[in-house]
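Novice: Numbering-wise (the numbering used here), the sequence shown opens with residue 7 and increments by one. For glycine and all other residues, C-beta sits at the position ideal for the given N, C-alpha and C.
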Amino acid sequence: MKKLLVISMASLVAAIAPVFNAMATGINTTDDSSHDVTVGEADEPIYSVNIYWGDLSFDWKYDESKSNFSFAPHYDCVSTSYDLENHKTANNLYSDTSCKELYTGTVTEGQGNYYYTEPKSYIQVGDKSINGKIKATASFTSVEKYNWVSGIFGKETDQYLGPNTTVQNAEFQVYTDGVLPNISTVCNPYDGCTEIYGGILKLETSESPMGSHVVTSGDKIGTVTITIEADLN
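(1) Mind listing, in chain order, the continuous beta strand (DSSP E) runs of no fewer than 3 residues lying wholly within the stretch 120-170?
(2) Can you name the residues that DSSP bridges to Asp61?
(3) Under 7 Å, do Leu186 and Ala142 count as touching if we go by C-beta distance?
(4) With which residues is Ser85 paired in a DSSP beta bridge?
(5) Taking the straight line between their C-alpha atoms, what separation do you get for Thr86 and Thr182?
(6) Report back the beta-carbon spacing between Thr147 and Gly228 to the nearest angstrom; my notes put them in contact at under 8 Å.
(7) Go to Glu235, then tell me how far its beta strand (DSSP E) extends in each direction, as first and last residue.
(8) In terms of residues, what are the limits of the beta strand (DSSP E) holding Glu210?
(9) Contact between the stretch 85-101 and the stretch 48-65 is defined here as three or more beta-carbon pairs at a separation below 8 Å; is this criterion met?
(10) Given this structure, state the Cα-to-Cα distance separating Ser76 from Tyr128, to the nearest angstrom.
(11) Can you tell which of Gly157, Gly224, Asp133 and Ser212 has the C-alpha that lies nearest to the C-alpha of Tyr53?
(12) Considering only C-alpha positions, which residue in the set Glu177, Lys161, Ser223 and Lys151 is nearest to Pro207?
(13) State the CB to CB distance for the pair Tyr81 and Pro125, rounded to an integer number of angstroms; the pair is presumed to be in contact (CB under 8 Å).
(14) Beta-carbon separation of Tyr58 and Val84 under 7 Å?
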């Protein structure tokens with residue numbers, strides 16, 4: 007019995023040995039040692055934009071406090087129930103739809119019907135692009151007669167005192183190189199979401215003409231051009 011047991015163990019070792027020898031000689035492969043990486047489907051960007059123009063008519067107004075003329079935009083009287091204290095502090099909170107009666111009473115955020123003024127000289131670009139986004143840049147070019155006028159784009163950080171009045175203590179934040187920032191996203195159940203880029207046009211003069219220039223109602227002052235390009239950043 008002992009001899010039979012030894013032979014059986016020897017047979018077992020002999021059967022296992024070739025397996026270890028095969029593993030020691032290397033890996034058996036039926037393919038190359040490299041493989042190409044390729045593109046499957048490729049989404050293409052589809053750019054789609056709409057440009058919305060505000061009221062780009064400016065009135066030639068005399069500012070008593072500064073003793074000179076300037077171009078003033080037209081104004082909208084806008085309903086609001088929020089940011090009431092800030093509008094009130096800036097003397098830009100009204101109780102009527104024509105923004106004639108300043109409101110000086112107590113206000114509660116989110117309640118009541120109040121109104122404030124804002125310039126109508128806005129430019130907005132609606133971006134509905136698919137698989138991509140846009141960069142919108144605004145520029146102003148004056149006609150020869152009004153070559154002393156320049157146009158800048160930005161936003162008001164303080165408020166106007168009311169329609170048909172000049173700006174007092176307002177600060178205008180200028181957008182660098184006329185690049186319009188993303189100001190909001192508008193969504194509806196019918197055609198999805200639109201990214202809105204925009205700003206306000208403000209006209210400045212290189213001097214304070216008191217009569218050296220003739221400003222005539224209906225004149226063309228200049229042209230605003232919107233440049234649209236793919237934003238790859």
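Specialist: So, from the listed chains and residues:
(1) Complete beta strand (DSSP E) runs here, min 3: 120-125, 128-133, 140-148 and 155-162.
(2) Your numbering for residue 61 matches position 55 in the sequence shown. DSSP lists no partner for Asp61.
(3) Locating residue 186 in the sequence shown gives position 180, where the first residue counts as 1. Locating residue 142 in the sequence shown gives position 136, where the first residue counts as 1. Yes, the pair counts as a contact, with Cβ atoms nearer than the cut-off.
(4) Along the sequence shown, read from residue 1 onward, the residue named residue 85 stands at position 79. Ser85 pairs with Tyr121.
(5) What you label residue 86 is simply residue 80 of the sequence shown in a count that begins at 1. What you label residue 182 is simply residue 176 of the sequence shown in a count that begins at 1. Take the alpha-carbon of Thr86 and the one of Thr182: they are about 30 Å apart.
(6) Looking up residue 147 in the sequence shown gives position 141. Looking up residue 228 in the sequence shown gives position 222. Confirmed, Cβ separation roughly 5 Å.
(7) Position 229 of the sequence shown, counted from the first residue, corresponds to residue 235. Glu235 -> beta strand (DSSP E) spans Gly228 to Ala236.
(8) In the sequence shown, residue 210 corresponds to position 204, counting from 1. Segment Gly198 to Thr211, the beta strand (DSSP E) holding Glu210.
(9) Too few Cβ pairs lie closer than 8 Å, so no.
(10) For the purposes of this step, residue 76 is identified with residue 70 of the sequence shown, where counting begins at 1. For the purposes of this step, residue 128 is identified with residue 122 of the sequence shown, where counting begins at 1. Distance between the alpha carbons of Ser76 and Tyr128: 18 Å.
(11) Counting from 1 along the sequence shown, the entry for residue 53 is found at position 47. That would be Asp133, whose Cα lies nearest to the Cα of Tyr53.
(12) Within the sequence shown, residue 207 is the residue found at index 201, counting from 1. The sequence as given places Leu at residue 207; Pro does not occur at that position. Considering only alpha carbons, the answer is Lys161.
(13) Stepping through the sequence shown from its first residue, residue 81 is reached at position 75. Stepping through the sequence shown from its first residue, residue 125 is reached at position 119. Tyr81 to Pro125, Cβ: 6 Å. Contact.
(14) To locate residue 58, count along the sequence shown from 1; it is residue 52. To locate residue 84, count along the sequence shown from 1; it is residue 78. No; because the gap between Cβ atoms is not below 7 Å, this pair is not in contact.
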